[in-house]
Amino acid sequence: MAQKIFIDTDCGIDDAVAIMMALSSPEVEIAGISCVAGNTSLENVLNNVCGLLNFYKRTDIPVYRGCSTSMLRISHNADKIHGSNGLADVVLDTGGKTPEAINAAEGIFAAAKAYPGIKLITLGPLTNLAFAFNLYPELSELISEIVMMGGAVGPGNVTPWAEFNFFYDPEAAAFSLGTGVPVKILTWDATVAGFMPEEEFLRLDMNGTPAGDLFIEIQSFYLDFMENSTGSRKIGFPDPLTVACVIDPAIAIETENMSLCMILNRENEKRGASVVVSDSDGADGTADVILKCDMKRFSELAKRIKINSPK
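Numbering-wise, the sequence shown is residues 738 to 1048 according to our numbering.
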């Protein structure tokens, strides 16, 4: 039986690929998707998710409107990386698909009640998750695992210390680490360890189906960004790796249980960093932290996007 999952996303390029992987894999079944601002505005995220579901002819999957800012009402974006609409400036037809009447927190709770043991996958800032657990503390008894993309043990990707998702809303990250639900985190470190040069990326040979062509189109935007910012055409897969580790846990080849503490002081230049501490009593929570992935195994899984494409 397929594992029920609920995805919370700030749907940018890599989020879209992660959702495409989930939609292409029989091992998991998406019970719902909640949207949060992060990579791009909340409205863009909603449009991207609804458009992607229409593209896959899966408008039956409910979509929920979440938070448009962090818990402290602060906003950031990553337009330079993901384009003005968060999806490499590719506009997908929503086909009239719209969000549900209830909000993200209510949607998460509804899915957890309907499918006890569901796994919650977070691909963006953790604002929706924090609000959901604040409103419905009983979620800790209904959700079997929270799998996050976020944080960094080594250098971050926004500051030298902080990764974007945790940096965007560190208060929400701190809260979400301590819900009592087992947490698994795919860190920025694992993304960096799995950077794929363009030549290897092209060997995936994804062209030739609608989903494969979309994959190439949006990822090429990211390759261009990397070349302009680093001088190297290589690509990272933070959110796809996160979903892949749920679909096929063997993809995570280096995992360590860690006690983590978020730096929240707004005057501290390290704000948003997830710091490993030796004393769990002083931590916001503990997590199984994925530091390295089997990229060959991941690549084979990613090819399902082309193979299982909608017509």
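C-beta atoms are modelled at their ideal positions from N, C-alpha and C, and glycine is treated no differently. Remember, it's a predicted structure, so these values are computed and weren't measured experimentally.
Does the Cβ-Cβ distance between residue i and residue j come in under 9 angstroms?
i: D747; j: N902; result: yes
i: A815; j: G775; result: yes
i: F912; j: L872; result: no
i: G915; j: G803; result: no
i: V890; j: T864; result: no
i: I984; j: I855; result: no
i: S761; j: R1003; result: no
i: D745; j: I818; result: no
i: T796; j: G749; result: no
i: F1035; j: L978; result: yes
i: G888; j: L997; result: yes
Looking only at C-alpha atoms, which of the options sits nearest to residue i?
i: G1049; options: S762, T924, M738, K1043; result: Because the chain spans 738 through 1048 in this model, residue 1049 falls outside it and cannot be assessed.
i: E875; options: R802, S812, P897, V918; result: V918
i: E908; options: S1015, I798, S807; result: S807
i: M886; options: W898, Y801, D926, N791; result: D926
i: A755; options: V828, L779, C982, L829; result: C982
i: N785; options: R970, K794, C772; result: C772
i: T928; options: E882, D976, E937; result: D976
i: F867; options: S877, A910, G833; result: In the sequence as presented, Phe is not what sits at residue 867; that position holds Ala. Per the Cα distances, A910.
i: K921; options: S1046, D1016, V980; result: V980
i: L941; options: I953, V884, P947; result: I953
i: E780; options: S1046, E964, G823; result: G823
i: M999; options: I798, N1045, Y905; result: Y905
i: S1046; options: G893, E935, F792; result: F792
Count the other CB atoms within 10 Å of the CB of residue i; is the residue buried (16 or more) or exposed (fewer)?
i: A739; result: exposed
i: T835; result: exposed
i: V1013; result: exposed
i: E838; result: Just to set this straight, residue 838 is Ala in the shown sequence, not Glu. Answer is exposed; the Cβ neighbour count stays below 16.
i: G968; result: exposed
i: A851; result: exposed
i: I811; result: exposed
i: S877; result: exposed
i: D1016; result: exposed
i: G931; result: buried
i: S821; result: exposed
i: P947; result: exposed
Quick check: does the Cβ of residue i come within less than 8 angstroms of any heavy atom belonging to the ligand PLP?
i: R810; result: The model on display carries no ligand, and the ligand PLP is accordingly not part of it.
Inside the segment 758-802 only - alpha helix (DSSP H) runs reaching at least 4 residues: 779-792
Segment contact, 8 angstroms Cβ cut-off, at least three pairs: the segment 1029-1037 with the segment 985-999: Enough Cβ pairs lie closer than 8 angstroms, so yes.
Runs of alpha helix (DSSP H) lying entirely within the segment 868-918, each at least 4 residues, in chain order: 901-905, 907-914
Given 8 angstroms, three or more beta-carbon pairs between the segment 891-901 and the segment 794-809: no
Three-pair Cβ contact test at 8 angstroms for the segment 948-964 versus the segment 818-829: yes
Whole runs of the beta strand (DSSP E) within the segment 991-1021, excluding any shorter than 3 residues: 1011-1014
Runs of alpha helix (DSSP H) wholly within the segment 934-998 (minimum 4 residues, chain order): 935-939, 947-967, 975-984
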